[in-house]
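Colleague:
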Ligand SMILES: Cc1ncc(COP(=O)(O)O)c(C=O)c1O
Ligand SMILES: Cc1ncc(COP(=O)(O)O)c(C=O)c1O
């Protein structure tokens, strides 16, 4: 967050900043979605919808699960939300009561900890490392699950690490949570953005999990603020009431636009962009390794590389701040995601030419740094 | 809520339902705003904005306070939110800790009670009646403020009563909260929709209040999900962090569209619509009085009439359900807003011809009802 603000300030001062810190690729929303949004506005679709979203969008999302993953979901179990942010908020509002505990992987998406605390619950950080590809697994539960624990929250592909949970791991996690009388929440916001393997959904491994998803990342609709959740049937009525109180409804023009998200023309654009992201990933990964940054786990999804800068520094936050100031390259320090003082997150959200420029600047910075020893005094 | 679902079911079954239950006028968003939204989409303004919204929109809102009310507000103190819903949530998330109390007028907008409880606070309902035009005033605080009270929340114009707080009453309330070390939150979502008097803002009466507002009602942008809050300077940084965790950002196309909300062409459309609402108010108010419904306080704003149906029933919820079933006229029972078993809320959100039809059906229903005595057995 500080890096983002500093990067914007530098930019305002006229510097050419390369943004590898933001969780948003440079692609605009695919044209068929934009066109559907424009048509909806021209057609005056500007009124409130129901709290759970347009029935036809809920049906379209159910159709997507059927056609893409061969999974049947009753559209009633799909609730359209203001982004995955809204979905996470709704699910945590439902599950977390006073002093209830939620297990979260550390490192992980930082907002979740704050949401749990906002509802007066306790976010329990479970340290995860390269040995489990930075994923929280069933094997972790024993040491961290207490009689106040109500849920475990995982993400696949994950932010900041880009790693993916296997179907068997998801089934084991869901079973382990179920056995303990708790819920499993799986954040699939980066679904579709995986590179060396087929897309999956945790719904293929278990039907009683809470799924978080979004039109932000794979569908490249970040600014529209639209996502969804899939809930077990027993939770739907309560989630609807919560949605009513928290949001009233998700944005209407965005919902109409999103109806075009599942069309073949859109999916073709998205597949081309996925391949472009894959090429960027391979480029950046190779260059960073060459420079001496260590990737302890293979990044299979999302658009992030999670690298160890221990060769250069024991304070990656200071390293990132200096890199920004000296070379106008913005990356996110690991401390933003948990207890990871030497780690950095690089988002390959820019074209390869731009990544190349960033790596050249980084090479210059690291060489200088090693010479004058700023980060290993 | 039940009425809304039942009304939709009736409609789906082919009945011609007259909707006087929804908090949304029949007007579409004014064309200049729609056009600005379309232009923004065509221009690919589909990325995340900062958590507090576009700087130019925050500046435009500040400009609106200056030009319309002669009030100076630093744009930094204005945070753009996903509707007034988002603004209420942010402010309550900031102010309400475990077991903290918030004073709310009963009757009042029901979501607020739920939000306070979600943050593990206690919503203290303060019964208000016709003697204070259903408004919570400084005089009420003595009896309800405890050492756990952190804020009082009022609305002007109010939902469901449409009544307005006077500048002097707002100043007294703000002073009384300040003295007790608490905050005053003023929901001004119906600002601009007042009929026999000039528009006002509580910021003219006190600078240290939390203001909630929205593009939903006066600007007729309900489905876009865009609102704002004005906070005291000390609260801004914490609110920004909360906004980041809860929403990430407000919807981008809506923000660009809203830049056209303050243009003279838009304001002219809105003024004509305000006059139309005034005419509807006068028509419906006269007809309901004629029919025997009692308006205990003059409705000066919003688009609601709050009437006592005691002449017909001591169970206005049953009355409303029967009115919907028999005559396909949907109105909201008072119990949805608090301890008001004989009250009804009529929204004059339909054209006069339609209100006339509704009143004719209502007249038929009441005559029948008085004859067969369904509601006074
Ligand atoms: C893991 C994860 N979950 C949820 C979100 C929220 O995204 P949105 O609200 O735009 O859908 C993000 C955004 O970066 C994320 O990385
Ligand atoms: C008093 C009041 N506050 C807040 C809201 C929330 O409106 P929105 O989130 O659309 O701005 C409403 C909606 O009816 C309302 O009546």
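Protein chains in written order, with our numbering: chain A, -12 to 364; chain B, -12 to 364.
C-beta atoms are modelled at their ideal positions from N, C-alpha and C, and glycine is treated no differently.
All of these numbers come straight from a predicted model, not from anything done at the bench.
(1) Around the C-beta of residue 221 of chain A, are 16 or more other C-beta atoms found within 10 angstroms, so that it is buried, or is it exposed?
(2) Can you tell me whether residue 96 of chain B sits near ligand 2, meaning its C-beta is under 7 Å from at least one heavy atom of the ligand?
(3) Taking just the CA atoms, how far does residue 296 of chain A sit from residue 364 of chain A?
(4) Express the C-alpha separation of residue 302 of chain A and residue 349 of chain A in angstroms, rounding to a whole number.
(5) If we cut at 8 Å on Cβ distances, does residue 233 of chain A have a partner in chain B?
(6) Quick check on residue 76 of chain B - is its C-beta less than 8 Å from some C-beta in chain A?
(7) Reducing DSSP to helix, strand and coil, say where residue -6 of chain A ends up.
(8) Compile a chain-ordered list of the residues in the segment 277 to 311 of chain A whose CB is closer than 9 Å to at least one CB of chain B.
(9) Output yes or no for whether 8 Å exceeds the beta carbon distance between residue 144 of chain B and residue 177 of chain B.
(10) Quick check on residue 110 of chain B: does DSSP put it in helix, strand or coil?
(11) Hey, could you find the ends of the alpha helix (DSSP H) residue 25 of chain B is sitting in?
(12) With a cut-off of 6 Å, give the chain-ordered residues whose Cβ is closer than this to any heavy atom of ligand 2.
(13) Can you list, in chain order, the residues of its chain with a C-beta nearer than 6 Å to that of residue 38 of chain A? Leave out the 5 residues immediately preceding and following it.
(14) Taking only beta-carbon positions, decide if residue 1 of chain A is within less than 8 Å of chain B.
(15) How would you call residue 276 of chain A, buried or exposed, if buried means at least 16 neighbouring beta carbons within 10 angstroms?
(16) Measuring only the C-alpha atoms, how far is residue 84 of chain B from residue -1 of chain A?
(17) Indicate, with yes or no, if ligand 4 has a heavy atom lying under 7 Å from the CB of residue 246 of chain A.
(18) Where in the segment 225 to 294 of chain A do unbroken runs of the alpha helix (DSSP H), each at least 4 residues long, occur, reported from the N-terminal end onward?
(19) Alpha carbons only, please: which of A:184, A:74, A:152, A:135 is nearest the one belonging to residue 168 of chain A?
(20) Taking the beta carbon of residue 95 of chain A as the centre, do at least 16 other beta carbons fall within 10 Å, making it buried, or is it exposed?
(21) With a cut-off of 8 Å, does the C-beta of residue 24 of chain B fall near any C-beta of chain A?
(22) Here's a check: name, in chain order, each residue in its chain whose Cβ is nearer than 7 Å to the Cβ of residue 4 of chain B, leaving out the five neighbours to either side.
(23) Around the Cβ of residue -11 of chain B, are there at least 16 other Cβ atoms within 10 angstroms (buried) or fewer (exposed)?
(24) What are the residues of the segment 119 to 140 of chain B that lie near chain A, defined by any Cβ-Cβ distance shorter than 7 Å?
(25) Does any C-beta atom of chain A lie closer than 8 Å to the C-beta of residue 347 of chain B?
(26) Would you say residue 364 of chain B lies against chain A (beta-carbon separation less than 8 Å)?
(27) Contact check, residue 74 of chain A vs residue 62 of chain A under 8 Å by CB: the rounded distance?
(28) Going by the C-beta, is residue 75 of chain A closer than 7 Å to any heavy atom of ligand 1?
(29) Give the residues from the segment 210 to 226 of chain A that approach chain B closer than 7 Å (Cβ to any Cβ), ordered along the chain.
(30) Quick check on the burial criterion: 16 or more other C-beta atoms within 10 angstroms. Buried or exposed for residue 312 of chain A?
(31) Touching or not, the segment 250 to 265 of chain A and the segment 95 to 111 of chain A, by the rule of three or more beta carbon pairs under 8 Å?
(32) With H, G and I counted as helix, E and B as strand and the rest as coil, what does DSSP make of residue 200 of chain B?
(33) Just the Cα atoms here: how many angstroms apart are residue 290 of chain B and residue 334 of chain B?
(34) Find the nearest neighbour of residue 395 of chain B within the set B:132, B:127, B:50, B:123, judged by alpha-carbon distance.
(35) Can you give the beta carbon distance from residue 286 of chain A to residue 150 of chain A, rounded, assuming they're within the 8 Å contact cut?
Modeller: Reading from the atomic positions:
(1) Working through the first chain from its first residue, we reach residue 221 of chain A at position 234. Result: exposed.
(2) On the second chain, residue 96 of chain B is found 109 positions in, with the first residue counted as 1. Within the cutoff, so yes.
(3) Taking the first residue of the first chain as position 1, residue 364 of chain A is located at position 377. Taking the first residue of the first chain as position 1, residue 296 of chain A is located at position 309. Below a pLDDT of 50, predicted positions are generally treated as unreliable, and residue 364 of chain A, at 35, falls in that range; the measurement from the model is reported next regardless. The straight-line gap from Cα to Cα measures roughly 15 Å.
(4) Counting from one through the first chain, the residue named residue 349 of chain A turns up at place 362. Counting from one through the first chain, the residue named residue 302 of chain A turns up at place 315. Approximately 16 Å, taken between the alpha carbons.
(5) Residue mapping note: residue 233 of chain A aligns to position 246 of the first chain, counting from 1. By this cut-off, residue 233 of chain A is an interface position.
(6) One-based indexing of the second chain puts residue 76 of chain B at position 89. Taking Cβ atoms only, chain A reaches closer than 8 Å to residue 76 of chain B, which makes this a yes.
(7) Residue mapping note: residue -6 of chain A aligns to position 7 of the first chain, counting from 1. Three-state result, residue -6 of chain A: helix.
(8) none
(9) Indexing the second chain from 1 puts residue 144 of chain B at position 157. Indexing the second chain from 1 puts residue 177 of chain B at position 190. Yes, they are a contact pair.
(10) Here residue 110 of chain B refers to the residue found at position 123 when the second chain is read from its first residue. Here residue 110 of chain B sits in strand by DSSP.
(11) Counting from 1 along the second chain, the entry for residue 25 of chain B is found at position 38. Run containing residue 25 of chain B: 18 to 29, per the alpha helix (DSSP H) assignment.
(12) A:235, B:10, B:70, B:71, B:72, B:96, B:142, B:146, B:174, B:176, B:201, B:203, B:209, B:214
(13) Residue numbering aside, residue 38 of chain A sits at position 51 when the first chain is read from its first letter. Within the same chain, residue 38 of chain A has close Cβ partners 227, 230, 231, 236.
(14) Along the first chain, read from residue 1 onward, the residue named residue 1 of chain A stands at position 14. For residue 1 of chain A, not one C-beta of chain B is nearer than 8 Å to its own C-beta.
(15) Position 289 of the first chain, counting from 1, holds the residue named residue 276 of chain A. Exposed is the call here.
(16) Within the second chain, the letter at position 97 stands for residue 84 of chain B. Within the first chain, the letter at position 12 stands for residue -1 of chain A. Roughly 38 Å between the two C-alpha positions.
(17) Summarising the ligand content, the structure contains ligand 1 and ligand 2 and does not contain ligand 4.
(18) 239 to 245, 251 to 278
(19) Here residue 168 of chain A refers to the residue found at position 181 when the first chain is read from its first residue. Answer by Cα proximity: A:135.
(20) As a working mapping, residue 95 of chain A is identified with position 108 in the first chain. The residue in question, residue 95 of chain A, is buried, as its Cβ has 16 or more Cβ neighbours within 10 Å.
(21) Mapped onto the second chain, residue 24 of chain B falls at position 37. At least one chain A Cβ lies under 8 Å of residue 24 of chain B.
(22) Locating residue 4 of chain B in the second chain gives position 17, where the first residue counts as 1. Cβ neighbours of residue 4 of chain B beyond the five flanking positions: -6, -3, -2, 315, 317.
(23) The sequence position of residue -11 of chain B within the second chain is 2, counting from 1. Counting Cβ neighbours within 10 Å, residue -11 of chain B comes out exposed, since fewer than 16 surround it.
(24) none
(25) Taking the second chain and counting its residues from 1, the one referred to as residue 347 of chain B is at position 360. Not closer than 8 Å to any Cβ of chain A, the Cβ of residue 347 of chain B fails to qualify, so no.
(26) Looking up residue 364 of chain B in the second chain gives position 377. Residue placement at residue 364 of chain B is poorly supported in this model, since its pLDDT is 35, which falls under 50; the coordinates still yield a value, given next. Residue 364 of chain B does not count as touching chain A.
(27) Taking the first chain and counting its residues from 1, the one referred to as residue 74 of chain A is at position 87. Taking the first chain and counting its residues from 1, the one referred to as residue 62 of chain A is at position 75. With a Cβ gap of about 16 Å, residue 74 of chain A and residue 62 of chain A do not count as contacting.
(28) Numbered from its first residue, the first chain carries residue 75 of chain A at position 88. Flag set: Cβ of residue 75 of chain A near ligand 1.
(29) 210, 211, 212
(30) Here residue 312 of chain A corresponds to residue number 325 of the first chain, with the count starting at 1. The residue in question, residue 312 of chain A, is exposed, as its Cβ has fewer than 16 Cβ neighbours within 10 Å.
(31) Touching, no.
(32) If you number the second chain from 1, residue 200 of chain B lands on position 213. If DSSP states are grouped into helix, strand and coil, residue 200 of chain B belongs with the strands.
(33) Position 303 of the second chain, counted from the start, is the residue given in the question as residue 290 of chain B. Position 347 of the second chain, counted from the start, is the residue given in the question as residue 334 of chain B. Residue 290 of chain B and residue 334 of chain B: Cα-Cα distance of roughly 6 Å.
(34) Nothing can be reported for residue 395 of chain B, as the shown portion of chain B is limited to -12 through 364.
(35) On the first chain, position 299 is the one that residue 286 of chain A refers to. On the first chain, position 163 is the one that residue 150 of chain A refers to. With 8 Å as the limit, residue 286 of chain A and residue 150 of chain A qualify as a contact, their Cβ atoms being about 7 Å apart.
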